[in-house]
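Trainee:
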Amino acid sequence: MKQWIILVSLVGLAALIVACAEETDTASKTGKAPTETGVDETRTAATNTDTAAKEPAATRSTVTADRESGTTRAAVTLMATPHSDAKPAGQLAANTAVDILERRGGWLRVSAKGTSGWAKLHQVRVGEGPQATKSGEGLAVLKNVGETGRSGSTGIVATTGIRGMSAEELTNAKPDPEAVKAIEHYRVTASQAREYAKSAGLKEAIVPALPKPE
Amino acid sequence: MKIRIPVVLLLAAALCAPAAHALKLDDLNVDKLKEVKGKLKTLKEPSEADEIEIGKGVAANLLGAAPPVNDPQLQAYVNRVGQWVAMHTERPDLPWHFAVLDTDGVNAFATPGGYVFITRGMLLRMRDEAELAGVLAHEVSHVVEKHALKTMRKGKLAGLAGDTLSNYAEKKGKADFTKIVSAGTEIYARGLDKEDEFAADRAGVVIATRAGYDPYGLPSVLQTLASINPQDDAVALMFKTHPDSGKRLELVSNSMEGRFDKFIDNPRVRSRFSSIIKSHIASYKPVKTN
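These protein sequence lines map, in sequence, to chains A and B. Under our numbering, the letters of the first sequence match residues 1420 to 1633, in that order. Under our numbering, the letters of the second sequence match residues 10 to 299, in that order.
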């Protein structure tokens, strides 16, 4: 009888372990807590990053404080100058790790594998690099920021703080009118703002509104 | 006597008429008719003072979810940049307020009446002041164009009928105000209309350029956002409530094509941005929340 009880509880325990393993597996596959709702927009982006994540660790470039690195999103024809009608300066395959040398308008001067030239902003994934885009590693990178004091994207030293606010936290938030008063205290006048802009060499310009695309 | 009978008949006929009318109404879609009637009714616009009161209420909720960063120098900095940006819109005289929220989440919000918030998580992912100005300009344009108020009128937010806003504008009812503020907060969990986001991207670029910044500050931030792992918790809410960042970057870049070339050497203002961020990080202590 005693043996039966032990056997039954062992079987139960095994079933429980299997169930738990399945749960973790699903969670890690989707990279999300099971309660979160999926969003179509992010799913498309996730597919892109999955491809980037396949890149071997050896090709990952080191992020330094001043130099930014990135990865090409798709095959790119680099331009000799930052203009759409410029001469082609080389070709890079999709998911090539690049160093970002310069930013100018909507263009980045990048170099990789002995080739350099200009690519458009949307052609290059920047910042945390392919290692950060691997599914589920985003939080690990954030944690890393806390431990090493280095953030991948900007080289800015960061500390672990408060986690991101969720939709639930927003809708269930208790109003904090005292905090509103506190921030109202920081308001500046138009002349203070003007003075500050002037000291950075900002010059106002007349710019017409952009029309809605057809 | 001879006269009275036709009168009774007439009365009966008159009484029957509305019944017949009601029958016809029943055949038609009553809800649709009500909707048309609602649209025909002239809706009273909330005054600027109403707008600010509502915005203040929503701001209190947002600050309840994430407190302001306890760094007066940083808060003053964001106000100087934000105020300058807002002065280059059609509503320069609103009482604009800007604040950095103490959360790792990457996001920015604006409530009606001119309360604009950017999270610390987003600020730390920026390279220079032109990027900050671009994001603040995007948010400021939501306020100028009254996108949140527009969303409140659509009647799709929980507990908020489409005409509650105009009822409040007319009668200043306390119950209506509570409903508006609560549903108004829900907007930040659900997002605005996609087209309004694209419009705010275009307007954001224009406003920041008017203020003298490199026009590509906002597109650079969109590039950064498009590079963050979408599975990262820090961007969950932002990505849930906004169109895909890559798509936004592509659309705004296409709209800008050839129109901003003479401004690309405008300042990005990197050094003062970096020094303020560095000194913030050196003295940062997370705000304690209960």
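For glycine and all other residues, C-beta sits at the position ideal for the given N, C-alpha and C.
So K188/B packs on T173/B, CB below 8 Å; how close in whole Å?
Mentor: K188/B to T173/B, Cβ: 6 Å. Contact.
Trainee: Per DSSP, what kind of secondary structure is I237/B in: helix, strand or coil?
Mentor: Three-state DSSP puts I237/B in coil, outside helix and strand.
Trainee: Give me the residue from E179/B, N275/B, F207/B with the minimum Cα distance to H251/B.
Mentor: The candidate whose alpha carbon is nearest that of H251/B is F207/B.
Trainee: Buried or exposed: S229/B, going by 16 or more other Cβ atoms within 10 Å of its Cβ?
Mentor: Counting Cβ neighbours within 10 Å, S229/B comes out buried, since at least 16 surround it.
Trainee: Under the rule that 16 or more other beta-carbon atoms within 10 Å means buried, what is N275/B, buried or exposed?
Mentor: By the 10 Å Cβ count, N275/B comes out buried.
Trainee: Let's see if you can read the secondary structure: which residues bound the alpha helix (DSSP H) around Q1611/A?
Mentor: It spans 1609-1618 - the alpha helix (DSSP H) in which Q1611/A sits, taken as one unbroken run.
Trainee: Output needed in chain order: residues of the region 176-189 of chain B with a Cβ under 7 Å from some Cβ in chain A.
Mentor: So the list is empty, because no residue satisfies the distance condition.
Trainee: Give me the Cα-Cα distance between Q92/B and E140/B, rounded to the nearest whole angstrom.
Mentor: Spanning the two alpha carbons is a distance of roughly 15 Å.
Trainee: Round the Cβ separation of A75/B and T112/B to the nearest angstrom and send it over; I've been treating them as touching at under 8 Å.
Mentor: Indeed they touch by this definition, with Cβ atoms about 4 Å apart.
Trainee: Using a Cβ-Cβ cut-off of 8 Å, state whether I1519/A counts as contacting chain B.
Mentor: I1519/A does not count as touching chain B.
Trainee: Against chain B, does G1509/A count as a neighbour if the rule is that its beta carbon must be under 8 Å from one of theirs?
Mentor: Not an interface residue.
Trainee: So, does the CB of D1595/A fall closer than 8 Å to a CB anywhere in chain B?
Mentor: Yes, because at least one Cβ of chain B sits closer than 8 Å to the Cβ of D1595/A.
Trainee: Are the beta-carbon atoms of S150/B and A212/B separated by less than 8 Å?
Mentor: Going by C-beta atoms, S150/B is nearer than 8 Å to A212/B.
Trainee: Is the distance from the Cβ of Q1510/A to the Cβ of T1490/A below 8 Å?
Mentor: The answer is no: Cβ separation not under 8 Å.
Trainee: Return the chain-ordered list of same chain residues with a C-beta closer than 7 Å to the C-beta of L258/B, the five sequence neighbours on each side being excluded.
Mentor: Result list for L258/B: P228, L231, Q232, A235, in chain order.
Trainee: Grab the span of the beta strand (DSSP E) containing L1527/A for me, first residue to last.
Mentor: L1527/A -> beta strand (DSSP E) spans 1526-1531.
Trainee: Look at the alpha carbon of L1540/A and the alpha carbon of R268/B, and state the distance between them as a whole number of angstroms.
Mentor: Going by the C-alpha atoms only, they are around 17 Å apart.
Trainee: Buried or exposed for L1520/A, please, with buried defined as at least 16 other CB atoms from any protein chain shown within 10 angstroms of its CB.
Mentor: Burial call: exposed.
Trainee: Do E179/B and K53/B have their beta-carbon atoms positioned less than 8 Å apart in this structure?
Mentor: The answer is yes: Cβ separation under 8 Å.
Trainee: Starting from K1539/A, trace the beta strand (DSSP E) in both directions and tell me its first and last residue.
Mentor: Here the beta strand (DSSP E) through K1539/A covers 1534-1539.
Trainee: According to DSSP, is I290/B helix, strand or coil?
Mentor: Reduced to three states, the DSSP call for I290/B is helix.
Trainee: Using the C-alpha atoms, what's the distance from V1545/A back to K256/B?
Mentor: If you take the alpha carbons of K256/B and V1545/A, they lie about 16 Å apart.
Trainee: At the 8 Å Cβ level, is L1629/A part of the contact set with chain B, yes or no?
Mentor: Chain B contact via Cβ: present.
Trainee: Assign Q240/B to one of two classes, buried (16 or more other C-beta atoms within 10 Å of its C-beta) or exposed (fewer than that).
Mentor: Its Cβ being crowded by 16 or more others within 10 Å, Q240/B is buried.
Trainee: If you drop the 5 nearest sequence neighbours on each side, which residues of the same chain put their C-beta closer than 7 Å to that of G1525/A?
Mentor: Once the five neighbours on either side are set aside, the close Cβ partners of G1525/A are K1539, L1540.
Trainee: Are there 16 or more other CB atoms within 10 angstroms of the CB of G182/B, so buried, or fewer, so exposed?
Mentor: Counting Cβ neighbours within 10 Å, G182/B comes out exposed, since fewer than 16 surround it.
Trainee: For the alpha helix (DSSP H) holding P81/B, just list the boundary residues, first then last.
Mentor: Per DSSP, P81/B belongs to the alpha helix (DSSP H) from 81-95.
Trainee: Suppose contacts are defined by Cβ-Cβ distances below 8 Å. Is A1513/A in contact with A1494/A by that definition?
Mentor: Yes.
Trainee: Does the beta carbon of L20/B come closer than 8 Å to any beta carbon on chain A?
Mentor: For L20/B, the pLDDT reaches just 48, beneath the cut-off of 50, and the residue's location in the model is therefore unreliable, although a value from the coordinates is still provided. Not closer than 8 Å to any Cβ of chain A, the Cβ of L20/B fails to qualify, so no.
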